[in-house]
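Colleague:
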Amino acid sequence: MHTEMATGPSVTIDEIAAGIQKHIAEQSKARGGYFKVQFDKKELDLELVRVHLEYMSDLGGGVHFACVDLVGTDGPVYDVDFFMKGPPGAMTVTETSVHKINGQPLYAWEQRRNGTWRKVPADKASPRLLGVLRGSDEFEFIYRAKLPVIVGNARLWLPLATSDTFQRVTVDGINAPEQWRELEEREHGNRVFFLNASAADSGKTIEIRYHVKRFEKSEYAVGEPLPQKFLQPERLVPSNETFRTIARQVTRGKAGDMARARALYDHVIEKLRYARYGSGWGAGDAVYACDARSGNCSDFHAYFIALAREAGIPARFAIGASIPSERNDGGIDGYHCWAEFFADGKWVPVDISEADKNSSLADYYFGHHPANRFELSKGRDLVVEPEPTSGPINFLAYPVMELDRKPVKVQTEFLFRRGVIER
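Given below as structure tokens:
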């Protein structure tokens, strides 16, 4: 039986988030400290990791939807979908289902023409429902950063997206609480927004609105003067004997850089588990990914790039956002990153973490990035002037901010809107 979702907003996202967090806390307290979910003929003992605010929805008629990450005592991170009914402060859960395990979906959501939604088993879902738009895509992208309470001197850096062969970017507007200036990052050709902020700017929002036309990327040749520079190590993508040994073992007997890169790609999928939980993940740390055997997209691609370089294959990093393909507006679940390697005179795009989530798309993601992407910046260890006290920027998607020369986090939100997708 397919779950039907109605339409018509009436309750805020914060109220839905508070409702699901209250439910999980109360149920956990009553049941030995764990939130219990029945799945695959067993009961899972789960603890809350995070609530996906970008997926919160008031579906109308007193029905609400929430998506939550919970980690199990058995190891995996479970993405669980909740349906709730009732007013703020008195919501009750009516349906609970495990949607993903370590990022791998068991089903996808498909929106019907009448606005309702239904579940589609992952093995029957089209590439579009699993995140892939072919050809081209066009959308508005909104980047928002809310400044924290500022005491003392504050400095902030964030990416300014640019056009290239695969994306045409128009900046429709930039709203900032203070006069800002544009910095140039020369090594990778990035543009960077820089702002000095004061106590009077506490709680204010920086907003950048883009109009984007994006094209699906496949292997391409460019007049790259020095692809060999992408064999050089970076702070969190070092050259070491461990990576050399793994690269040598994985590529043994493979003829040509394309075949060797595919062997490394398959190795990363086999070895790593997609998990945004615990400490250490998300820095794009190749050593962490190798040792922990897990991480997010930045860790997957850092590990691949480290191995590729040890195999003598130039490889590089880029970061931005994956634009949802199954809906036409709303929030985006944070940044996403990807990689490219150089073989046979061409750059070849790969997305290994997405291939890990959807094995049916592994062949596609070796050689393609879908059209529903938005690139914010390229490269690692970015050098700008002025630069943060900590030195070169690891990578740039979310803002980098310092208060009195100490790093602080900035609340960041990505939103998008496009026209109707042809079905």
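Take any residue in the sequence shown, count from 1 to its spot, add 306: that is its number in our numbering. For glycine and all other residues, C-beta sits at the position ideal for the given N, C-alpha and C.
(1) DSSP beta-bridge partners for Q555?
(2) What residues in its chain sit with their C-beta under 6 Å from that of R622, if we drop five residues either side in the sequence?
(3) Skipping 5 residues on each side, what residues in its chain have a beta carbon closer than 7 Å to that of E681?
(4) According to DSSP, simplified to helix, strand and coil, what is F722?
(5) Quick one: residues in its chain with C-beta nearer than 7 Å to the C-beta of A482, no 5 flanking neighbours on either side, listed in chain order?
(6) Please report the distance separating the alpha-carbon of V543 from that of Q534.
(7) Under DSSP, the alpha helix (DSSP H) around F610 begins and ends at which residues?
(8) Using the C-alpha atoms, what's the distance from T400 back to I326?
(9) Taking all protein chains shown into account, do 16 or more other C-beta atoms lie within 10 angstroms of the C-beta of S604, making it buried, or fewer, making it exposed?
(10) Which residue comes first and which comes last in the beta strand (DSSP E) that contains Q417?
(11) Which residue marks the beginning of the beta strand (DSSP E) containing D635, and which one marks its end?
(12) Residue range of the alpha helix (DSSP H) that G325 falls in?
(13) Suppose you measure from the CA of A733 to the CA of D387; what does that come to, to the nearest Å?
(14) Does at least one heavy atom of the ligand ADP sit under 7 Å from the Cβ of R550?
(15) Exposed or buried, which one is H675 when buried takes at least 16 other CB atoms within 10 Å?
(16) V355: which of E349, K348, T379 sits nearest, CA to CA?
(17) What three-state label does DSSP hand V714 in the structure shown?
(18) When you compare only the Cα positions, how much space is there between F722 and S683?
(19) Per DSSP, which one or two residues make a beta bridge with Q538?
(20) Does Y704 come out as helix, strand or coil in the three-state DSSP assignment?
(21) Between L688 and L667, how many whole angstroms is the CB-CB distance? I'm expecting something under 8 Å.
(22) Which of helix, strand or coil does DSSP assign to T422?
(23) Below 6 Å CB to CB, which residues in the same chain sit around G601 once its five sequence neighbours on both sides are set aside?
(24) For G409, count neighbouring C-beta atoms within 10 Å of its own C-beta (all shown protein chains included) and say buried if the count is 16 or more, exposed if not.
(25) Looking at C-alpha atoms only, which residue of G458, T398, Y449 is the closest neighbour of Y641?
(26) So is V455 buried or exposed if we call it buried at 16+ other beta carbons inside 10 Å?
(27) My understanding is that V690 touches L489, with C-beta atoms under 8 Å, so please give their C-beta distance in whole angstroms.
(28) Measuring straight from C-alpha to C-alpha, what distance separates L359 and D572?
(29) Name the residue from A414, T471, G368 whose alpha carbon lies nearest to the alpha carbon of G392.
(30) Along the chain, where does the beta strand (DSSP E) containing E646 start, and where does it finish?
(31) Taking the beta strand (DSSP E) that S363 falls in, what are its first and last residues?
Modeller: According to the structure shown:
(1) As far as DSSP is concerned, Q555 takes part in no beta bridge.
(2) Contacts found: F536, E646.
(3) A467, Q473, A624, G626
(4) strand
(5) Only L501, I512 meet the Cβ criterion.
(6) Taking the straight line from one Cα to the other gives about 16 Å.
(7) 603 to 616
(8) 12 Å
(9) buried
(10) 413 to 417
(11) Taken as a continuous stretch (DSSP letters only), the beta strand (DSSP E) holding D635 covers 635 to 637.
(12) 319 to 336
(13) Coverage of the chain is limited to positions 307 through 729, which leaves residue 733 absent and any answer about it impossible.
(14) As for the ligand ADP, it is missing from this structure, which has no ligand bound.
(15) buried
(16) T379
(17) Residue state, collapsed to three classes: strand.
(18) Rounded to the nearest angstrom, the two C-alpha atoms are 18 Å apart.
(19) Per DSSP, none; premise fails for Q538.
(20) coil
(21) Not really, about 30 Å apart at Cβ, beyond 8 Å.
(22) coil
(23) W587, A595
(24) buried
(25) It is Y449 whose Cα lies nearest to the Cα of Y641.
(26) exposed
(27) V690 to L489, Cβ: 4 Å. Contact.
(28) Distance from the CA atom of L359 to the CA atom of D572, rounded to whole angstroms, is 33 Å.
(29) G368
(30) 642 to 649
(31) Taken as a continuous stretch (DSSP letters only), the beta strand (DSSP E) holding S363 covers 363 to 366.
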